[in-house]
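For the record, the sequence lines run as chains A and B. Under the working numbering, the letters of the first sequence match residues 702 to 1022, in that order. Under the working numbering, the letters of the second sequence match residues 81 to 501, in that order. The next block holds one structure in the form of structure tokens; read it before the comments.
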Amino acid sequence: MSFEMWVEKYRPKTLTEMVDQKEIVERLESFVKARNTPHCIFAGPPGTGKTTAALCLAHDLYGEGYREHLMELNASDERGIKMVRETVKTFARARSIGEVPFKILILDEADNMTSDAQQALRRTMERYTETCRFILIANYSGKIIEPIQSRCAPFRFTYLPREEQDRFLLRIAKNEKVQVGRDGLDAIFEVCGGDLRRAVNSLQAAASLGKPVTADVVYSVVGRANPADVREMVKTALGGDFSKARDMLREMILKYGVAGSDIIQQIHGEVFRLDVPEQWKVRLADAVGEVDFRLVEGADEEVQLSALLARLVEAGAKIKE
Amino acid sequence: MFAAWTVKHKPRALVEVVGNREAKEALVSWVRSWDAGVPKKRAVFVYGPPGVGKTVSVECLARDLGMELVEKNASDYRTEDAVRRFAGLASQYGSLFGGRRLILLDELDGITGAEDRGGVAAITDIIKIAQCPVVLVANDVWDPRFAVLRSYCLVVEFKKPPAGEVVRHLKRICEKEGIAAEEEALKFIATRSEGDVRSAVNDLQALAAGKSRLTYADVSWLAFRDRKEVIFSVLRLIFYSKSCDAAKRAVDMADIDLDMLFQWVYENAPAHLKEPEDLVRGMEALAKADIYRGRIARTQDWKLTRYVVDFMTAGVAMARQKGGSVGWVPFKFPEKIKMLSRSRAERALEHEIGLRIKRRMHMSANRAVKEVLPYVRVIFQSNPEWAAGLVRWFDFNEEMVEHIAQGKKYTKQIQKHLQTE
């Protein structure tokens, strides 16, 4: 029996199969029609279809043999100037044979590149524009140096709306003959936000238990995959234990790779449910929004979120008075 | 039993002494020249920086040539009596049992003219008429005190051996101790010691004793060791200065990388800001500093660095408006840096797993380990049949399966499924 991760099994192959992100898909389809594409930056939180969109674009441009015109690189595995200088250049300068006169280089996690490497990349992009188009993928476009940003068409990916995610998950469940209840979907959305990759992985891990996927099953699975949880962290901070709250934050970010934007979204959800005076909720929402914006600008997730935790400690102390 | 490696692995013969081939040859040929009668220079003045093997070379020289070594150091020259004894020794070529004698006067820098009744002059007088080879050892031969003495001696310089030779020496020690050491780790220790072999060996022992492996991660923190005290006082300044200026000056004191200092401040500030309002101000100042770091990275405009400094020093110092000193709190080593130096072997295996996932899932190995591995683990622990399918799909090897499943029970079940299908 062949078995694989459902994320790959159900990854859209063509632009028309893409889940949501309609405006982006439309623009990309117009590139396909024109048989031409500019350099692009796909920015947005994890699991929103950035890599998939790049692969689909290549597929639609070149057809089935698209792999031959495409190179996928990962800046966080091979970052540094050396990577740009050697791998990228060798690929970029060779001319493509076929109907489309250029190749596509997908550079994933480009926001992890050092700025020196980005400078080198900028020159390469310029030099080989004719033979190669770059698609840079990043969580935060703010971490890409400005000269590169200005050479690229920007695409901003956003979290999927709840209905789209549910529809996608239900399709998988039906195909895999897994029972998923309403409360199971609620739970998945609650813990994964609109991160579709995480949602599909959660569904698959939950289904592996061999029981219907209920909220309890989802929480137990996610609890095992992701022991720290945002609500607990917020509670700890409000209780006045900053150090412990910060440790929980670190565990989420450093160990389990939870995206800062994801944590922010959940904190925002918590704020209005907190047992604090109403004025405080507004004040905290302001602080959350400020951090959200700073992350988009390219600030450090852990440092910024710690500052937010300090605010929660302060709110907790005020309530006690 | 504990034994200092500098002693345990001390060279036994001249060839084992790291580097300085010319100097060693000069010593040998000078001692040999005594066979033909008392040479013109009756003493050799060996000099060079600490830890390059001056003393040990003389000891090996005596052993190589089968001579009796009489060793004295600075504290032995303090009394008239001691000097007289030295004079007595030096006046005879042979030793009591017929062998030949080599006299070593070590740590000559330690002699201070006024206190030591014998002093340099007395030693000079003895050397003028010495009947057996005398070796003087000091760090600095050009010290004016030695001007006259020097003229009666053959001067031999010991230089800092190149890092490559030091690495070879450390490698030999590791082999004898049964330690598998990464070349990078030894290189780091050797480079850091700046040619001081003794301190390199000491560092090696401190880091590797009792271990079977030595990795780069094990040693890289050494870079901060010597400066820990400096960092602590800098942190105190930042946390407790009453003026912006004083806090900002802290950065000049700390001769460390600004990012590193930021991590130290970020790690330790909360423990020193106990009042919630102070804490908010402090963490916000660090967040602002971080914003400027981001702007620098994006725009490459390095002059913005001054604002990073403002916020991470003065900003943090001025955060304290309500609370007083929290008293003594031990400083903590930054978590972030600790995380980066987690056991290399484990990280290497996880990285390998990440690479397998990456081949299938269009994502970096890094992210695969954080985002996909935890779910794969759940599947491995709850559904051996699916797990076996994934093992094939990802092409995980046995070691990987064991690491992912984290338990013999699960591993066995998965293996069973792999065999039956």
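We treat Cβ as the ideally placed atom computed from N, Cα and C, and that holds for glycine. Please read these numbers as outputs of a predicted model, since none were measured by experiment.
Whole-angstrom distance between residue j and residue i, CA atom to CA atom
i, j, result
"A/M702", "B/G469", "The pLDDT assigned to A/M702 is 47, lower than 50, so where the model puts this residue is not dependable; a value taken from the coordinates is nonetheless given after this. Rounded to the nearest angstrom, the two C-alpha atoms are 7 Å apart."
"A/R728", "A/L861", "18 Å"
"B/I84", "A/D817", "It is Ala, not Ile, that sits at residue 84 of chain B in the sequence shown. Roughly 45 Å separates the two Cα atoms."
"B/Y232", "B/I207", "8 Å"
"A/V1004", "A/L950", "10 Å"
"B/Y127", "B/E105", "15 Å"
"B/G487", "B/A448", "21 Å"
"B/K418", "B/L429", "18 Å"
"A/R947", "A/L1010", "7 Å"
"B/V200", "B/L234", "16 Å"
"A/G799", "A/A735", "15 Å"
"A/V977", "A/H969", "14 Å"
"B/K402", "A/R932", "29 Å"
"B/I336", "A/A776", "28 Å"
"B/E237", "B/A218", "10 Å"
"A/P746", "A/I954", "14 Å"
"B/N463", "A/G999", "40 Å"
"A/D1001", "A/D930", "20 Å"
"B/M81", "B/L94", "At B/M81 the pLDDT is 42, less than 50, meaning the model places this residue with poor confidence; the figure from the coordinates comes in the next sentence. Taking the straight line joining both Cα atoms gives about 27 Å."
"A/P802", "A/L808", "20 Å"
"A/E827", "A/E724", "27 Å"
"A/E865", "A/D963", "18 Å"
"A/G894", "A/V879", "21 Å"
"B/R230", "B/E274", "27 Å"
Neighbour list for residue i in chain A, Cβ cutoff strictly below 9 Å
i, result
"B/G407", "Under the 9 Å cutoff, chain A gives no residues; its nearest Cβ is about 17 Å from B/G407."
"B/R143", "Result: empty, since nearest Cβ-Cβ is about 49 Å, beyond 9 Å."
"B/K383", "Result: empty, since nearest Cβ-Cβ is about 15 Å, beyond 9 Å."
"B/V452", "M706, V708, R898, N902"
Chain B contact residues for residue i, given Cβ-Cβ distances below 8 Å
i, result
"A/G843", "G374, R378"
"A/L756", "H442"
"A/T752", "H442, M443"
"A/I873", "Result: empty, since nearest Cβ-Cβ is about 14 Å, beyond 8 Å."
Per-residue contacts from residue i into chain A (C-beta, under 7 Å)
i, result
"B/V331", "Ordered by position in chain A, no residue passes the 7 Å Cβ test against B/V331, which lies about 18 Å from the chain."
"B/V345", "Going along chain A, no residue has its Cβ under 7 Å from B/V345, so there is no contact; the nearest lies around 11 Å."
"B/N356", "Here the sequence assigns Pro to residue 356 of chain B, which means Asn is not the residue at that position. The answer, in chain order, is V1014, E1015, A1018."
"B/W466", "F704, S909"
"B/V458", "A906, S909, V922, R925, A926"
"B/D370", "A1000, D1001, V1004, Q1005"
"B/Y490", "Near B/Y490 there are no residues of chain A at all, since even the closest Cβ is about 12 Å away, more than 7 Å."
Chain B contact residues for residue i, given Cβ-Cβ distances below 7 Å
i, result
"A/R863", "Under the 7 Å cutoff, chain B gives no residues; its nearest Cβ is about 21 Å from A/R863."
"A/F943", "P350, L359"
Amino acids of chain A, ordered along the chain, whose beta-carbon sits closer than 8 Å to that of residue i
i, result
"B/A394", "In chain order: nothing, as chain A lies at least about 17 Å away."
"B/L470", "F704, E705, M706"
"B/N463", "S909, L910, G911"
Are three or more beta carbon pairs between the stretch 863-878 of chain A and the stretch 770-777 of chain A nearer than 8 Å?
no
Residues, ordered as in the chain, of the stretch 891-903 of chain A that lie near chain B by beta-carbon distance below 8 Å:
Taking 8 Å as the cut-off between beta carbons, the residues of the stretch 891-903 of chain A near chain B are R898, R899, N902, S903, in sequence order.
Short-range partners of chain B found in the stretch 814-828 of chain A, where Cβ spacing is below 7 Å
S816
Which residues, taken in chain order from the stretch 702-716 of chain A, show a beta carbon closer than 9 Å to some beta carbon of chain B?
M702, S703, F704, E705, M706, V708, E709, R712
Can we say the stretch 207-214 of chain B touches the stretch 115-135 of chain B, given the rule of at least three CB pairs closer than 8 Å?
Segment contact: the stretch 207-214 of chain B against the stretch 115-135 of chain B, three or more CB-CB distances shorter than 8 Å; contact assigned.
To test your reading of the DSSP string, which unbroken alpha helix (DSSP H) runs of 4 or more residues are found completely within the stretch 739-767 of chain A?
751-763
Chain-ordered residues of the stretch 955-972 of chain A with a beta carbon less than 8 Å from chain B
Residues are counted here when their Cβ sits less than 8 Å from a Cβ of chain B; for the stretch 955-972 of chain A these are L955, K956, Y957, G958, given in chain order.
Is there contact here, the stretch 279-296 of chain B with the stretch 253-264 of chain B, by at least three beta-carbon pairs under 8 Å?
Because the criterion of three Cβ pairs below 8 Å is met, the stretch 279-296 of chain B and the stretch 253-264 of chain B touch.
Run through the stretch 202-279 of chain B for me and flag every whole alpha helix (DSSP H) of 4 or more residues, listed as ranges in chain order.
227-231, 243-257, 263-273
Looking at chain B, which residues of the stretch 993-1004 of chain A have a Cβ within less than 9 Å of any of its Cβ atoms?
R995, E998, G999, A1000, D1001, E1003, V1004
Which runs of the beta strand (DSSP E) spanning at least 3 residues fall entirely within the stretch 983-1014 of chain A, listed in chain order?
none
Stretch pair the stretch 182-191 of chain B + the stretch 133-146 of chain B: three plus CB contacts closer than 8 Å
yes
Using 8 Å as the Cβ pair cut-off and three pairs as the minimum, do the stretch 386-400 of chain B and the stretch 360-371 of chain B touch?
Pairwise C-beta distances place the stretch 386-400 of chain B in contact with the stretch 360-371 of chain B, as three or more of them are shorter than 8 Å.
3-residue-minimum beta strand (DSSP E) runs that sit fully inside the stretch 816-861 of chain A, ordered along the chain:
833-839, 854-857
Enumerate, from N- to C-terminal direction, the unbroken alpha helix (DSSP H) stretches of 4 or more residues contained entirely within the stretch 370-441 of chain B.
385-390, 415-420, 424-441
contact_flag[the stretch 472-492 of chain B, the stretch 907-926 of chain A] where n(CB pairs < 8 Å) is 3 or more
No, because fewer than three Cβ pairs between the stretch 472-492 of chain B and the stretch 907-926 of chain A fall closer than 8 Å, the two stretches do not touch.
Does the stretch 910-918 of chain A touch the stretch 932-944 of chain A, meaning 3 or more C-beta pairs lie closer than 8 Å?
With the cut-off at 8 Å, the stretch 932-944 of chain A and the stretch 910-918 of chain A do not touch.
Pair every Cβ in the stretch 385-392 of chain B with every Cβ in the stretch 405-412 of chain B, then say whether three or more of these pairs are closer than 8 Å.
no
Using a Cβ-Cβ cut-off of less than 7 Å, list which residues of the stretch 788-817 of chain A approach chain B; keep chain order.
Residues of the stretch 788-817 of chain A that bring their beta carbon within less than 7 Å of a beta carbon in chain B comprise D809, E810, S816, in sequence order.
Could you tell me whether the stretch 754-763 of chain A touches the stretch 715-726 of chain A, using the rule of 3 or more Cβ pairs below 8 Å?
yes
Interfacial residues, the stretch 715-744 of chain A to chain B, with Cβ spacing under 8 Å:
none
Starting from the N-terminal side, write out each stretch of the alpha helix (DSSP H) that is 4 residues or longer and does not extend beyond the stretch 283-351 of chain B.
296-300, 302-305, 308-320, 324-333
Continuous alpha helix (DSSP H) assignments of at least 4 residues falling wholly in the stretch 919-973 of chain A:
931-939, 943-951, 961-972
In chain order, what are the residue ranges of uninterrupted alpha helix (DSSP H) at least 4 long that sit wholly in the stretch 118-153 of chain B?
134-144
Just checking, does the stretch 788-795 of chain A make contact with the stretch 831-838 of chain A on the three C-beta pairs under 8 Å criterion?
yes
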